[in-house]
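These protein sequence lines are chains C and H, in that order.
Anchor point for the first sequence: position 23 equals 23 in the working numbering, and the numbering is continuous, going up by one each time.
Anchor point for the second sequence: position 17 equals 181 in the working numbering, and the numbering is continuous, going up by one each time.
So the structure is just underneath, and the comments pick up after that.
There are 2 protein chains.
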Amino acid sequence: MSKNPTQLKLDALRSLLRARTTLVERLETALRADDLPPLAWYDVLCALDEAPGDGLRPRDLGFAVALTPSGLTRLLDRISAAGMVDRKSCPSDRRGYVVLLTKSGAETLEMMRPVYLHELGLAFASLLSDDEAKQLSEVLDRVSASACTAAGEPVPEPAAARAA
Amino acid sequence: MSKNPTQLKLDALRSLLRARTTLVERLETALRADDLPPLAWYDVLCALDEAPGDGLRPRDLGFAVALTPSGLTRLLDRISAAGMVDRKSCPSDRRGYVVLLTKSGAETLEMMRPVYLHELGLAFASLLSDDEAKQLSEVLDRVSASACTAAGEPVPEPAAARAA
DNA sequence: CGCGTTTTGTTGACATGTCAACCATTGCCT
DNA sequence: AGGCAATGGTTGACATGTCAACAAAACGCG
């Protein structure tokens, strides 16, 4: 009756992939419906908002949004062009800069947050007991954590190590 | 000591997103290291392999790989250009065709499968008990399922409904 | 039957991200 | 010091996907 263990794991993977697609799609749709920027912007603005007042280096932002350095450059170009973020040259390291949230960026963030949280409530939070959420985190963190550990030698790329 | 419930759910979501990024990255890396096609191709070839011998309509493939119709057209263009798939006009419906796995496509699939399964074993399956896998599926399927149910009116796009 | 609507799939314009090559700076290390 | 590898970030070429508009066939119904 019970399924083959490998199949169980494959099913779990498929469930994971589908759930993520569904969720992202819903969040993205909800934001768009309110004429708000996409999810990636939210992640950046949010990270900056939570960070100390003196901003973040792109390098650190790269951890929040899973993006290669060049992808991040381009994302910041766009957000910056929209005036939601400033690039201020960093005194302690003339190679890079520090990214700062502008007033307009902070305002946009405050418009996005309720939409994000509301949709998340409908599509995710309300479907999970607190215990299940805890379990979920625990199990899935094991998966992401193993990437760092096991990344011994089958992962040559630097980008892969920086998985977010 | 115990966290705020909303924060628990947010953590769970972050764990989910990170785990998925990690997994996809590892699978993709492993395939590339063996000079094999990317994950999306695997999904298509696999779906065709499991399907009845007379192939599948693109429409049906669209469910397996979460892609818009145009995205699917382009993906099939590439796989077809690589000779792994044939487009055969469908007698019962002259609008579209049927997609068939070629010999070369089947061979490629058989080369990808062990790489896929091996990497998945390392990065996922081995980190989960059978019970946990079952639980994971159960909980996450609830999330994807709710999209169909709740899609009442906040989801105008057809693409959103076809979440895979 | 004949016409409007739905279904399938494609195409052009464009958005977003990757990879590889690159520049400038920093930080050792001798 | 002085040389040189590692770090932080950008850019060009390109891959892949979306959206909107479209074409063609299939449906369905008065």
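We put the beta carbon where it would ideally sit given N, CA and C, even for glycine.
This one's a predicted model, so the numbers in the text were calculated from it and none came from an experiment.
If you draw a straight line from the alpha carbon of residue i to that of residue j, how long is it in whole angstroms?
{"i": "C/Arg59", "j": "H/Leu220", "result": "45 angstroms"}
{"i": "C/Phe124", "j": "H/Lys267", "result": "43 angstroms"}
{"i": "H/Pro322", "j": "H/Leu231", "result": "In this predicted model, H/Pro322 has a pLDDT of only 37, less than 50, meaning its place in the structure is not dependable; the value taken from the coordinates is given anyway. C-alpha separation (whole angstroms): 12 angstroms."}
{"i": "C/Phe63", "j": "H/Arg182", "result": "11 angstroms"}
{"i": "C/Asn4", "j": "H/Asp218", "result": "28 angstroms"}
{"i": "H/Leu174", "j": "C/Val115", "result": "14 angstroms"}
{"i": "H/Arg184", "j": "C/Leu16", "result": "7 angstroms"}
{"i": "C/Leu76", "j": "C/Pro38", "result": "13 angstroms"}
{"i": "H/Ser301", "j": "C/Leu136", "result": "11 angstroms"}
{"i": "H/Ala325", "j": "C/Cys90", "result": "Reliability fails at H/Ala325, whose pLDDT of 35 lies under 50, so the model's placement of it is uncertain and the value that follows must be treated cautiously. Cα to Cα, the separation comes out at about 46 angstroms."}
{"i": "C/Arg95", "j": "C/Pro69", "result": "14 angstroms"}
{"i": "C/Ile79", "j": "H/Leu172", "result": "29 angstroms"}
{"i": "C/Ala12", "j": "H/Val307", "result": "13 angstroms"}
{"i": "H/Lys298", "j": "H/Asp305", "result": "11 angstroms"}
{"i": "H/Asp294", "j": "C/Val65", "result": "31 angstroms"}
{"i": "C/Ala82", "j": "C/Thr108", "result": "11 angstroms"}
{"i": "C/Ala47", "j": "C/Ala40", "result": "11 angstroms"}
{"i": "C/Arg74", "j": "H/Ser256", "result": "47 angstroms"}
{"i": "H/Asp199", "j": "H/Tyr206", "result": "13 angstroms"}
{"i": "C/Pro52", "j": "H/Ala309", "result": "39 angstroms"}
{"i": "C/Thr6", "j": "C/Tyr97", "result": "48 angstroms"}
In three-state terms, what does DSSP make of residue i?
{"i": "C/Arg87", "result": "strand"}
{"i": "C/Leu36", "result": "coil"}
{"i": "H/Leu292", "result": "coil"}
{"i": "C/Leu67", "result": "coil"}
{"i": "C/Pro156", "result": "Because C/Pro156 carries a pLDDT of 36, less than 50, the predicted location of this residue cannot be relied on, and the following value inherits that uncertainty. Coil."}
{"i": "C/Ala151", "result": "Reliability of the predicted coordinates at C/Ala151 is poor, the pLDDT of 48 falling under 50, and no value is obtained from them."}
Less than 8 angstroms between the beta carbons of residue i and residue j, yes or no?
{"i": "C/Val99", "j": "C/Arg87", "result": "yes"}
{"i": "H/Leu187", "j": "H/Val208", "result": "no"}
{"i": "H/Glu296", "j": "C/Val139", "result": "yes"}
{"i": "H/Leu265", "j": "H/Asp213", "result": "yes"}
{"i": "H/Gly269", "j": "H/Met248", "result": "yes"}
{"i": "H/Arg178", "j": "C/Ala147", "result": "no"}
Worksheet item: So, do the region 193-201 of chain H and the region 274-284 of chain H have three or more beta carbon pairs nearer to each other than 8 angstroms?
Response: yes
Item to complete: May I have a chain-ordered list of the beta strand (DSSP E) segments no shorter than 3 residues that lie completely inside the region 90-114 of chain C?
Response: 97-101
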